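**Student:**
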Amino acid sequence: MALNILVAGGAGFVGSHLCDALLAQGHRVVCIDSFLTGSRQNLRPLRNHPGFTLIEQDICDPVQIDLPLDRVYNLACAASPPRYQADPVHTMMTCISGTGNLMRLAAQHGARFLQASTSEVYGDPERHPQSEDYWGNVNCTGPRACYDEGKRAAETLCFDWLRAGKGDVRVARIFNTYGPRMQPDDGRIVSNFLVQALRGDPLTVYGRGAQTRSFCFVSDLVAGLIALMEIDQNPGTPINLGNPGEFTVIELAKMVQEMIPTRSRIVYRPLPTDDPQRRRPDITRAKTILGWEPKVPLAEGLQETAAWFALTLGLDVPSRSGALVRA
Ligand code: UDP
Numbered sequence: 000m001a002l003n004i005l006v007a008g009g010a011g012f013v014g015s016h017l018c019d020a021l022l023a024q025g026h027r028v029v030c031i032d033s034f035l036t037g038s039r040q041n042l043r044p045l046r047n048h049p050g051f052t053l054i055e056q057d058i059c060d061p062v063q064i065d066l067p068l069d070r071v072y073n074l075a076c077a078a079s080p081p082r083y084q085a086d087p088v089h090t091m092m093t094c095i096s097g098t099g100n101l102m103r104l105a106a107q108h109g110a111r112f113l114q115a116s117t118s119e120v121y122g123d124p125e126r127h128p129q130s131e132d133y134w135g136n137v138n139c140t141g142p143r144a145c146y147d148e149g150k151r152a153a154e155t156l157c158f159d160w161l162r163a164g165k166g167d168v169r170v171a172r173i174f175n176t177y178g179p180r181m182q183p184d185d186g187r188i189v190s191n192f193l194v195q196a197l198r199g200d201p202l203t204v205y206g207r208g209a210q211t212r213s214f215c216f217v218s219d220l221v222a223g224l225i226a227l228m229e230i231d232q233n234p235g236t237p238i239n240l241g242n243p244g245e246f247t248v249i250e251l252a253k254m255v256q257e258m259i260p261t262r263s264r265i266v267y268r269p270l271p272t273d274d275p276q277r278r279r280p281d282i283t284r285a286k287t288i289l290g291w292e293p294k295v296p297l298a299e300g301l302q303e304t305a306a307w308f309a310l311t312l313g314l315d316v317p318s319r320s321g322a323l324v325r326a
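Taking numbering that gives the first Met the number 0, the leading residue of the sequence shown gets 0, the next gets one more, and so forth.
1. Expressed to the nearest angstrom, what Euclidean distance is found between the alpha-carbon atoms of N239 and P280?
2. Got a sec? Which residues, its chain only, sit under 7 Å from F379 by beta carbon, not counting five neighbours each side?
3. Roughly how many angstroms lie between the CA atoms of P81 and D185, to the nearest whole one?
4. What number of angstroms, rounded off, separates the C-alpha of H48 from the C-alpha of D19?
5. Determine the direct distance from the alpha carbon of A309 to that of D315, and round the result to whole angstroms.
6. Is Y146 closer than 9 Å to A78 when the C-beta atoms are compared?
7. Grab the span of the beta strand (DSSP E) containing H170 for me, first residue to last.
8. To which residues of the same chain is P142 closer than 6 Å at the C-beta, ignoring the five residues directly before and after it?
9. Which of helix, strand or coil does DSSP assign to Q210?
10. Applying the criterion that 16 or more other CB atoms from any shown protein chain within 10 Å of the CB defines a buried residue, is M0 buried or exposed?
11. My assumption, with CB atoms under 8 Å, is that I58 sits in contact with V29. Please give the rounded CB distance.
12. Hey, could you find the ends of the alpha helix (DSSP H) V189 is sitting in?
13. The beta strand (DSSP E) spanning A78 covers which residue range?
14. Identify, in the order they occur along the chain, each residue of the same chain with its Cβ nearer than 6 Å to the Cβ of H26, setting aside the five sequence neighbours on each side.
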């Protein structure tokens, strides 16, 4: 059955892939985006799709939609540390007021609501891997707190709303995700390393590079978000969505050097404040409740992402022989 689906943050990296997937399933999609970090370029393939509507607005302002709505996905928030720290008060208000506005909208329409939460709710975790029953270790006054605490408060709103019987609210805790349409200047590790390697610039490793992350390809994540939204029985608990493969920052740098054999060397830069040391999802709940697990191996996803960056930025991809190949 074709549904009417609102995607807040639909012009962002993950949001635009979600819009694509929902339209491909035959649904109608209304995208709301302020274009603070989202990009019109991401929506290019959808602009003329008859099922697609774009509304340019900040979710911190009251949201009114006159069309019927069956589902509301809230992916509206800057997600990379340099971007969400650039205007920390706005980041926190997006998480709190923005989420509140969208939950009210969903309730008015009798629509299911899915909140994009984050592995950042676990902070610098003292438990490894992170399962959903771990309460986390977050510095509430540090520079990451606007996002970490904002997303934690948004989860609180969601579960209070659910307990009060005001709506069918679901929460996905998204771990590091990568793929085509990341902003090249986003500041995140995968986009930084790939763009640096393609340009022949040094790869910037923060700290000693011993910290770990788990990287999920965007198509896997989108499949998990839709599975969580569409499962009939509300799980009543947050669900981790991420790839449990765990890599140190140095391991990722070496994979990128191997894959894009430029002369890019590794340079070391200071570790950002409160940078989490370890991050790996326990996805038992996603597997058992949603029947979901990621499929795309890191090497394969990195290749696809590198090819996309090369094409978008008009860069050559050096081949192993050292010759330059036009992307
Ligand atoms: N990082 C790095 N070099 C970069 C960008 C990031 O070493 O050019 C490190 C960063 O310190 C962190 C990890 O990579 O330990 C992941 O950072 P990212 O900003 O991608 O996401 P986070 O998980 O910290 O939100």
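Glycine included, every Cβ here is placed at the ideal spot set by N, Cα and C.
What you are looking at is a predicted structure, and each value in this text was computed from that prediction instead of being measured.
**Tutor:** Checking against the coordinates, here is how it stands:
1. Near 6 Å, if we compare the C-alpha coordinates of P280 and N239.
2. Only positions 0 to 326 of the chain appear in this structure, which leaves residue 379 out of reach.
3. Each residue's alpha carbon lies about 8 Å from the other.
4. Near 10 Å, if we compare the C-alpha coordinates of D19 and H48.
5. Each residue's Cα considered, the two are about 6 Å apart.
6. Between A78 and Y146, the CB-CB gap stays under 9 Å.
7. One point to set straight first is that residue 170 is Val, not His, in the sequence displayed. Here the beta strand (DSSP E) through V170 covers 168-173.
8. The residues are Q84, T272.
9. Per DSSP, reduced to three states, the secondary structure at Q210 is coil, with no helix or strand assignment.
10. With fewer than 16 other Cβ atoms within 10 Å, it is exposed.
11. That belief does not hold up - the Cβ atoms of I58 and V29 are roughly 13 Å apart, past 8 Å.
12. Note, V189: alpha helix (DSSP H), 188-198.
13. In the DSSP assignment, A78 falls outside any beta strand (DSSP E) and carries neither an H nor an E.
14. A distance below 6 Å between beta-carbons, with the five flanking residues on each side excluded, links H26 to the following residues of its chain, in chain order: A1, L2, I4.
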